[in-house]
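*Asks:* One structure follows; several queries about it will come next.
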Amino acid sequence: MSEILRHPVIAVVDKRESGEVVLWHVQTSPEGPAAAGALSGAWIFGEGELDPGQLADLLHDAVILEVAGSGPVAPAQSHTDLATIMAGMRAAADEVKEAAKAAKARNKTLQLPRLEAVSLPDPEELRASYHGEEVAAETWAHATAVAELVEQWHTLEAQRRARKYLQELFGTEVRPLPWDKPEAVA
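In my numbering, the protein residues as written are 311 to 496.
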């Protein structure tokens with residue numbers, strides 16, 4: 311599977327009633343930069359400035375996260391939201407914790423990983439620190455929340471991968487951010 315599809319870009323999109331479109335790309339690849347650096351591209355289009363072909367190019371191979379209240383964007387593509395990502399991350403963390411406890415029960419010498427609790431960043435709190443064009447504030451806040459979740463995911467995966475017995479169960483590579491359903495995180 312290609313790196314692009316395995317660790318897709320999440321395109322945070324706000325399609326406003328006014329016709330403006332704000333789009334922010336967030337990298338989910340472990341090879342990419344951490345947190346704020348994960349925000350890899352931003353576009354603001356005024357009413358009528360964005361043609362469908364250009365939008366298709368910007369959304370190609372991306373998973374779409376629409377800002378609340380946004381008009382529908384590319385309904386045929388994969389979509390997600392912060393709550394879904396969070397649920398998937400928590401389910402994956404719980405799965406790792408349970409596997410570690412079971413392994414520890416079989417072998418008392420094993421060290422359990424210290425997994426931090428996954429926390430959902432609050433876009434409203436993040437929005438307060440935004441400096442830029444006001445039209446992009448909400449999209450930036452949501453993109454920053456996604457970037458923080460990506461950073462938490464990579465930290466969780468680093469802890470998991472530091473234990474050989476967990477590598478044997480879940481693989482040696484960083485698993486993709488669970489952006490769809492929690493049961494898809496295996």
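The beta-carbon is built from N, C-alpha and C at its ideal position, and this holds for glycine as well. Quick caveat: nothing in here was measured; it's all calculated off a predicted structure.
Hey, out of Leu375, Ile354, Gln337 and Arg316, whose CA is closest to Ser306's CA?
*Replies:* Since the displayed the chain opens at 311 and closes at 496, residue 306 lies outside it and no answer follows.
*Asks:* Would the beta-carbon of Leu430 fall within 9 Å of that of Ala453?
*Replies:* One-based indexing of the sequence shown puts residue 430 at position 120. One-based indexing of the sequence shown puts residue 453 at position 143. Going by C-beta atoms, Leu430 is not nearer than 9 Å to Ala453.
*Asks:* Would the beta-carbon of Ala409 fall within 9 Å of that of Ala384?
*Replies:* Taking the first residue of the sequence shown as position 1, residue 409 is located at position 99. Taking the first residue of the sequence shown as position 1, residue 384 is located at position 74. Not a contact, by the Cβ cut-off of 9 Å.
*Asks:* Pop quiz: Val460 and Leu487 are said to be a contact at Cβ under 8 Å. What is the actual Cβ separation, rounded to whole angstroms?
*Replies:* On the sequence shown, position 150 is the one that residue 460 refers to. On the sequence shown, position 177 is the one that residue 487 refers to. That pair is a contact at about 6 Å.
*Asks:* From the DSSP output, which residues share a beta bridge with Val319?
*Replies:* Start at 1 with the first residue of the sequence shown, and residue 319 comes out as number 9. DSSP output for Val319 lists no bridge partner at all.
*Asks:* Secondary structure at Leu375, three-state DSSP: helix, strand or coil?
*Replies:* Walking along the sequence shown from the start, residue 375 turns up at place 65. It is a strand residue.
*Asks:* Check whether the Cβ atoms of Gly351 and Trp334 sit closer than 9 Å, and answer yes or no.
*Replies:* Position 41 of the sequence shown, counted from the start, is the residue given in the question as residue 351. Position 24 of the sequence shown, counted from the start, is the residue given in the question as residue 334. Taking 9 Å as the Cβ cut-off, Gly351 and Trp334 qualify as a contacting pair.
*Asks:* Could you give the distance in angstroms between the alpha-carbon of Ala348 and the alpha-carbon of His317?
*Replies:* As a position in the sequence shown, residue 348 is number 38, starting the count at 1. As a position in the sequence shown, residue 317 is number 7, starting the count at 1. Rounded to the nearest angstrom, the two C-alpha atoms are 12 Å apart.
*Asks:* Taking Arg424 as the reference, give the member of Glu359, Arg470 and Phe480 with the closest Cα.
*Replies:* As a position in the sequence shown, residue 424 is number 114, starting the count at 1. Considering only alpha carbons, the answer is Arg470.
*Asks:* Please report the distance separating the alpha-carbon of Thr449 from that of Ala372.
*Replies:* The residue labelled residue 449 in the question sits at position 139 within the sequence shown. The residue labelled residue 372 in the question sits at position 62 within the sequence shown. Rounded to the nearest angstrom, the two C-alpha atoms are 16 Å apart.
*Asks:* Would you check if the distance between the CB atom of Leu392 and the CB atom of Val323 is smaller than 9 Å?
*Replies:* To locate residue 392, count along the sequence shown from 1; it is residue 82. To locate residue 323, count along the sequence shown from 1; it is residue 13. Against a cut-off of 9 Å, the Cβ pair of Val323 and Leu392 comes out as no contact.
*Asks:* Classify Leu422 as buried or exposed, calling it buried when 16 or more other Cβ atoms lie within 10 Å of its own Cβ.
*Replies:* Position 112 of the sequence shown holds residue 422. Classification of Leu422: exposed, given that the 10 Å Cβ count is below 16.
*Asks:* Which value, in whole angstroms, describes the spacing of the CA atoms of Val331 and Leu360?
*Replies:* Locating residue 331 in the sequence shown gives position 21, counting from the first residue. Locating residue 360 in the sequence shown gives position 50, counting from the first residue. Rounded to whole angstroms, Val331 to Leu360 spans 8 Å at the Cα level.
*Asks:* Where does Ala446 land, buried or exposed, given buried means 16+ other C-beta within 10 angstroms?
*Replies:* Position 136 of the sequence shown, counted from the start, is the residue given in the question as residue 446. Its Cβ being crowded by 16 or more others within 10 Å, Ala446 is buried.
*Asks:* Do Gln387 and Ile374 count as a contact pair if the criterion is CB distance below 9 Å?
*Replies:* Counting from 1 along the sequence shown, the entry for residue 374 is found at position 64. Counting from 1 along the sequence shown, the entry for residue 387 is found at position 77. Yes; because the gap between Cβ atoms is below 9 Å, this pair is in contact.
*Asks:* Cutting at 6 Å between CB atoms, please list the residues of its own chain near Ala451, excluding the five before and the five after it.
*Replies:* Residue mapping note: residue 451 aligns to position 141 of the sequence shown, counting from 1. The answer, listed in chain order, is Pro433, Leu436 and Arg437.
*Asks:* Under DSSP, the beta strand (DSSP E) around Trp334 begins and ends at which residues?
*Replies:* Position 24 of the sequence shown, counted from the start, is the residue given in the question as residue 334. Unbroken beta strand (DSSP E) run through Trp334: Val331 to Val336.
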